[in-house]
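In the working numbering, the protein residues as written are 92 to 958. Let me begin by presenting the structure, written as structure tokens, before commenting on it.
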Amino acid sequence: MDASGTGDRRQDRTEPPAAPTRRSAVPELLLVLLGAVAVVVLLALDRGDDGLALPIGGVLAGMAALAVLAVRRAHAAAAALDRSARLLRAANEELDASRLRFRDFAEAASDWFWETGADHRYNYLSDRLAALLGRDPQPVFGTSLLDLGALVEDAGTWLERLADIEAGRAFRDLEVMVRDAAGGIRVFHLSAQPAFDRSGRFAGYRGTGIDVTAETLARRDAQFLQEVVHDALASISEGFVLFSADGRLILCNERYRQAYPNLADVLVPGAAFEDILRAAAERGAYGGDGSDMAAWIEDRLKRHLLHTDPVDGCLSDGRWYRISEHATGSGGIVKILMDITELKRREEELAGQTERLEATVGALRESERRYRQLVELAPYGIAIWDRAAIRFANAAAASILGVGGGGGEGGLVGLGIAPFIADGGPVVERLARAADGEGQRAECEILRPSGERRHVEIGAYPAVYQRAAAVLLVLNDVTDRRRAEAELQRSQKMEAVGRMAGGIAHEFNNMLTAIGGFARLAERGPDDRDRVVTCVREIAKASDRAAALTAQLLDFSRRRASDEMEVVALAPLVRDLRIFLKPLMSAGIDLDLQILDEDAHAVANPVTLNQAILNLALNARDAMPDGGRLCVSLAVEMPDSLFLARHKTLARSPFAVIRVTDEGGGVPADIRDRIWEPFFTTKEPGKGTGLGLWMVYGTAQQAGGAAEMESRPDGRGSVFSIHLPAVGAPDVPVGDDDSVRLGEGDGASILLVDDEDSVRAYLKLTLEEAGCTVTEAADGLEALERWDECGGLFDALVTDVSMPRMNGPELARALEERNPGLRALFLTGYASRGTAADLTAQPGRRILMKPVPPERLVQAIRDLLAD
92 MDASGTGDRR QDRTEPPAAP TRRSAVPELL LVLLGAVAVV VLLALDRGDD GLALPIGGVL
152 AGMAALAVLA VRRAHAAAAA LDRSARLLRA ANEELDASRL RFRDFAEAAS DWFWETGADH
212 RYNYLSDRLA ALLGRDPQPV FGTSLLDLGA LVEDAGTWLE RLADIEAGRA FRDLEVMVRD
272 AAGGIRVFHL SAQPAFDRSG RFAGYRGTGI DVTAETLARR DAQFLQEVVH DALASISEGF
332 VLFSADGRLI LCNERYRQAY PNLADVLVPG AAFEDILRAA AERGAYGGDG SDMAAWIEDR
392 LKRHLLHTDP VDGCLSDGRW YRISEHATGS GGIVKILMDI TELKRREEEL AGQTERLEAT
452 VGALRESERR YRQLVELAPY GIAIWDRAAI RFANAAAASI LGVGGGGGEG GLVGLGIAPF
512 IADGGPVVER LARAADGEGQ RAECEILRPS GERRHVEIGA YPAVYQRAAA VLLVLNDVTD
572 RRRAEAELQR SQKMEAVGRM AGGIAHEFNN MLTAIGGFAR LAERGPDDRD RVVTCVREIA
632 KASDRAAALT AQLLDFSRRR ASDEMEVVAL APLVRDLRIF LKPLMSAGID LDLQILDEDA
692 HAVANPVTLN QAILNLALNA RDAMPDGGRL CVSLAVEMPD SLFLARHKTL ARSPFAVIRV
752 TDEGGGVPAD IRDRIWEPFF TTKEPGKGTG LGLWMVYGTA QQAGGAAEME SRPDGRGSVF
812 SIHLPAVGAP DVPVGDDDSV RLGEGDGASI LLVDDEDSVR AYLKLTLEEA GCTVTEAADG
872 LEALERWDEC GGLFDALVTD VSMPRMNGPE LARALEERNP GLRALFLTGY ASRGTAADLT
932 AQPGRRILMK PVPPERLVQA IRDLLAD
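This is the structure in structure tokens:
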């Protein structure tokens, strides 16, 4: 339907301009005829009466002049009419353009437009409505404005709008709710202006529709939330009021109004806080004569804006409240009243008791003075620490921590304890637990402000400071004692190492005897194949035995490249203890190793497990100064119900149990619960650190097991046991020719570097047998020369770590500059975990511990080339 209804009148407005052109020819024709008549008359008169010629000529001249004037006026009228026609034509064109613009705007707008006739039936609905609904709007809106009643939710609103429609009055924002094609709700606001014809009669409505779905739903959600908030605030026992950023009251619950009964009428939304204060002052809150009322209001307003700490006050309802004010995120202020009347009554009751206590406090002050004198003169550092800062410290504590000014103000008071303890996070946490009633002891390194480090024993005990839980710290500087102990331990260690070296040398001599003897036997009869094979096998066994002994030495010295958990064969681990323990055993101690299960395996860290068993054995030795039997046994057992009851986190499954039994004096019953604590020791100073059993306990826990101690029924001797979950033995790959060769058709060019000729020759033969092309060098500098001679055409570098002139890591870095992608395999007899991590930090780097069997070397090359 045409939105304007004026398309048929456009041609009428373009017809008039043709008329002036036809009418303008008439005066010109009359002028010609009139001139011709005048000429004819003059010719006739020229032949006739001379007396009539002059008058007639004058008349004709006059008529000619009038004719000329008439012609000019006609031309002017025709020109004016022609201009009017052109203006009319331009106006019609502008009207058409405006009509098109209106149509385009209507179709492009997010709103929609409609028009009705005098009978309120729709003449026009823009296509935008159909797009919004996704369907034909007629079944929804009907055919007339009068059909909208079914779409208006509020019947009263519809009756008001219906009266406007029937009276032909304008209306705005009539809200209708419909469903679109997808079933969703759409909300529209309809507004309209009445249209009248030229005679002033009502011709219908022209209006717009606005999609307010999102706004309406959001408003309803907000109204619902506001109602919920109002209900919640009305149900709480505290008074609540909210002011906007400009100091206007937004929300106030009834409990707040009850606290200010004389202000209930002004505590309404929109009221300014300053006006509320003024009303309060006028109604009695200000007790002065009125001259300083403005200052009183200004002070209360400032306190309101500064959000000071909560204050207690008695309000006009006669009850005590704790008044707190908080800033909101939008700059407003929330004020909360908490009724503390009962609390105030209790405080008054306690006030009387406080008076009675003051006399006691006076007596305590004298006692405190004497106590403080004793504390200040004590040789140990004493401090009160509330877990935030030191609140009291004597002069000895300040001296131990290296702080001038003593323990009072300007000294330790107000300082934290953590900055004085080097790497002290766990130590500080442990000391803090003393405030909960559990005494703690720790030995740590103190870092003085001057940079000096001191060893200090710290005892932490529960205390109270200003009625709050605190910690009493007792500090004892043991630096000099620890130095003396360290010297003693160092000498003892050197003695133990010397004694151990003899045993180890004995074992190595046995192995070297076997290796050399069998080698010479094979050399004497090279044609006897069976004899040579037997000799070679025995040499290999002796070599493996030497490798195992070397691995045990590295474990003992903690020089392994990794501390990761792995499946450990326990029988060889226990059996090898004899090598280390035999030189360390005192005279009269009989060492007995009982391997009851040769196939016992567990997942553990072999380094810490070996050290844990050694600690138990050495403790057992120290428990028998007069000699006795020391038994280390290994068995796989199923735990009983009592064991599982003591260790509820462990599952019922086989456990590998390592027991260390001695015939010493046993462990006293009063300290059995403390033997696993760190730094706890029963040995005299200089004989132990108290960390041995703690490390045993931690090793068992790390492996998912448990550590236990039991004393013998007869009171002689103790049994310490490590329980580890038993696992099966790892699969051992079956050796064959393929295990020492690369894959079919595979090969690699290897640059081999080792300063030991025999080792290099062995490695070269192994790699060539595996199918590799090997270029060898005796050290790093020679390797660089071989690299340049071969043009750097190598797939991998196999190098020893320790070599003269240029070591393995230096060689790898030099070659990395020439070939950043070169793979490298490092061989070493020992390496700490840090060293191993540095060597393998980047991709394409691996490390292999010597001695290296052929199978492990070839597998390492396979893995390296596969990276």
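Every residue, glycine too, gets a C-beta built ideally from N, C-alpha and C.
Could you tell me which of D514, I512, Q531 and A513 sits nearest to R521, measuring between CA atoms? Shortest Cα-Cα distance from R521 to any of D514, I512, Q531 and A513 involves Q531.
Please classify D356: does DSSP put it in a helix, a strand, or coil? DSSP places D356 in coil when its eight states are reduced to three.
Please list the terminal residues of the continuous alpha helix (DSSP H) segment that includes E520. E520 -> alpha helix (DSSP H) spans G516 to A523.
Does the distance from the CB of V810 to the CB of R750 come in under 7 Å? Taking 7 Å as the Cβ cut-off, V810 and R750 qualify as a contacting pair.
Rounded to a whole number of angstroms, what is the C-alpha to C-alpha distance between W387 and A371? Cα to Cα, W387 sits roughly 11 Å from A371.
Output the distance between the C-alpha atoms of E251 and L265, rounded to the nearest integer angstrom. Distance from the CA of E251 to the CA of L265, rounded to the nearest whole angstrom, comes to 10 Å.
Contact between the segment 360-369 and the segment 430-444 (3+ Cβ pairs under 8 Å): The segment 360-369, when compared against the segment 430-444, does not touch it at the 8 Å Cβ threshold.
Skipping 5 residues on each side, what residues in its chain have a beta carbon closer than 7 Å to that of P895? Only D846 and D870 meet the Cβ criterion.
For R937 and L956, believed in contact at Cβ under 8 Å, the rounded distance: The pair is not a contact, with the Cβ atoms about 11 Å apart (cut-off 8 Å).
Local Cβ density within 10 Å of T451, reported as buried at 16 or more and exposed below that: Looking at its Cβ environment, which holds fewer than 16 other Cβ atoms inside 10 Å, T451 is exposed.
Do you know how far the Cα of M897 is from the Cα of D667? Spanning the two alpha carbons is a distance of roughly 37 Å.
For A221, which residues in the same chain have their Cβ closer than 8 Å to its Cβ, ignoring the five residues on either side in sequence? Cβ neighbours of A221 beyond the five flanking positions: D227 and P228.
For the alpha helix (DSSP H) containing H321, name the first residue and the last one. For H321, the enclosing alpha helix (DSSP H) starts and ends at T304 to S326.
Do you know offhand how far I301's Cα is from L340's? Roughly 34 Å separates the two Cα atoms.
Can you tell me whether I508 is helix, strand or coil according to DSSP? I508 falls in the coil class under three-state DSSP.
From the DSSP output, in three-state form, read off H738 for me. Under the three-state reduction of DSSP output, H738 falls in the coil class, being neither helix nor strand.
At which residues does the alpha helix (DSSP H) containing E689 begin and terminate? Segment: none, E689 is in no alpha helix (DSSP H) and carries neither H nor E.
Assign A526 to buried or exposed, taking buried as 16 or more other Cβ atoms, counted over all protein chains shown, within 10 Å of its Cβ. Under this definition A526 is a buried residue.
For I606, name the three-state secondary structure that DSSP assigns. If DSSP states are grouped into helix, strand and coil, I606 belongs with the helices.
Applying the 10 Å Cβ sphere with the 16-neighbour rule, what's the burial state of S217? Buried: at least 16 other Cβ atoms inside 10 Å.
Going by other Cβ atoms of all chains shown within 10 Å of its Cβ, with 16 needed for buried, is D753 buried or exposed? Classification for D753: buried.
Taking all protein chains shown into account, do 16 or more other C-beta atoms lie within 10 angstroms of the C-beta of L455, making it buried, or fewer, making it exposed? The residue is exposed, with fewer than 16 neighbouring Cβ atoms inside 10 Å.
Would you list the residues sitting across from P821 in a DSSP beta bridge? Note: P821 sits in no beta bridge, so no partner.
Short check: CB of A561 to CB of A551, under 7 Å? Here A561 is not near A551, since their CB atoms are 7 Å or more apart.
Residue from V425, G422 and V303 with nearest C-alpha to I277: One point to set straight first is that residue 277 is Arg, not Ile, in the sequence displayed. By alpha-carbon distance to R277, the top candidate from V425, G422 and V303 is V303.
Pairwise C-alpha distance: I327 and E438: Counting only the Cα atoms, I327 lies some 25 Å from E438.
Three-state secondary structure (DSSP) at E754? Coil, per DSSP.
Rounded to whole angstroms, what is the Cα-Cα separation between G259 and G225? G259 and G225 have their C-alpha atoms some 31 Å from each other.
Over the uninterrupted alpha helix (DSSP H) stretch that includes V466, give me the two end residues. Boundaries of the alpha helix (DSSP H) around V466: T432 to L468.
Would you tell me roughly how many angstroms separate the C-alpha atoms of A254 and G274, rounded to the nearest one? In this structure, the alpha-carbon of A254 lies about 31 Å from that of G274.
Nearest-angstrom beta carbon gap, I686 and L725 [assumed within contact, 8 Å]: That pair is a contact at about 5 Å.
Contact check, A336 vs G423, beta carbons under 7 Å: Contact flag set, yes.
Between A652 and S893, what straight-line distance do the alpha-carbon atoms span, to the nearest angstrom? Interpretation of A652 is limited by its pLDDT of 48, a score under 50 that renders its predicted location unreliable; no figure is taken from the coordinates.
Can you give the Cα-Cα distance for Q102 and L237, rounded to whole angstroms? Because the pLDDT at Q102 is just 39, under 50, the model does not fix this residue reliably, and the value given afterwards should be weighed accordingly. Cα to Cα, Q102 sits roughly 36 Å from L237.
I'd like the list of long-range same chain contacts for N706, defined as Cβ closer than 8 Å, with 5 residues on each side in sequence excluded. For N706, the CB contacts under 8 Å within the same chain, skipping 5 residues up- and downstream, are G783, L784, M786 and V787 in chain order.
Using a Cβ-Cβ cutoff of less than 8 Å, which residues in the same chain neighbour R538 once the five nearest sequence positions on both sides are dropped? The identity of residue 538 in the sequence shown is Leu, whereas the question assumes Arg. Cβ contact annotation for L538 (same chain, cutoff 8 Å, sequence separation greater than five): P510, F511, I512, A513 and R544, in chain order.
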